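Novice: For reference, each letter of the sequence shown is one residue, going 11 to 150 in the working numbering.
Sending over a structure as structure tokens; questions will come in a sec.
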Amino acid sequence: MQNLLPEPPATRLPADAEADKALAEAAATGSEQAFKAVAARFPSYSAAWAPLAAAALAADEPVTAYAYARTGYHRGLDALRRNGWKGHGPVPWSHEPNQGFLRCLHALSQAAASIGEADEAARCAQFLRDSDPAAADALT
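So, in structure tokens, the structure goes:
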């Protein structure tokens, strides 16, 4: 059966050149402190929270990862809503400014699973796949 209802348009977050530059500089150092400084300077920028969550997961600190990922996820939801997202529809992985939110969503799923929040882990994994299957494929 064919769906006759149109899918909502894809949401593409705007780029933030200043935050992108600060994040690239932090990534060049690889320093956790540098990533924390970017998150403190640009707290609404999900891409700053994603590497902190990933590093905490890698260090087997799931509660810390959960906190970082949840912060980036919620700040990303705020940004998506400000840019026309109505709670559903594509959030393309191919659009680089969306990747911070999608990385936080993935990390939140992993951290939730690590602390025994199976329902949330599954919900986040499905949300990631619903946002863009390419994101789920790239991150898993």
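Positions of the beta carbon are idealized from the N, C-alpha and C atoms, including for glycine.
Nothing here was measured: the structure is a model prediction, and the numbers come from that model.
Would you mind reading off the limits of the alpha helix (DSSP H) that contains W59?
Specialist: Within the sequence shown, residue 59 is the residue found at index 49, counting from 1. Note, W59: alpha helix (DSSP H), S56 to A68.
Novice: Count the C-beta pairs between the stretch 55-63 and the stretch 72-81 that are closer than 8 Å, then say yes if the count reaches three, no if not.
Specialist: They touch, by the three-pair rule.
Novice: Taking Y55 as the reference, which of P100, L33 and S41 has the closest Cα?
Specialist: Here the question's residue 55 lines up with position 45 in the sequence shown. Among P100, L33 and S41, the Cα nearest to that of Y55 is on L33.
Novice: Inspect the beta-carbon positions of P24 and G99 and report whether they are closer than 9 Å.
Specialist: If you number the sequence shown from 1, residue 24 lands on position 14. If you number the sequence shown from 1, residue 99 lands on position 89. It is not a contact, given that the beta carbons lie outside the stated cut-off.
Novice: Which value, in whole angstroms, describes the spacing of the CA atoms of P16 and C114?
Specialist: Against the sequence shown, residue 16 aligns to sequence position 6. Against the sequence shown, residue 114 aligns to sequence position 104. One C-alpha to the other measures close to 28 Å.
Novice: Using the Cα positions of A75 and A131, report the straight-line distance between them to the nearest angstrom.
Specialist: Position 65 of the sequence shown, counting from 1, holds the residue named residue 75. Position 121 of the sequence shown, counting from 1, holds the residue named residue 131. Straight-line Cα distance between these residues: approximately 13 Å.
Novice: Which same chain residues end up closer than 8 Å to E42 when comparing Cβ atoms and leaving out the 5 residues on each side of it in sequence?
Specialist: Position 32 of the sequence shown holds residue 42. So the qualifying residues of the chain are L62 and A65.
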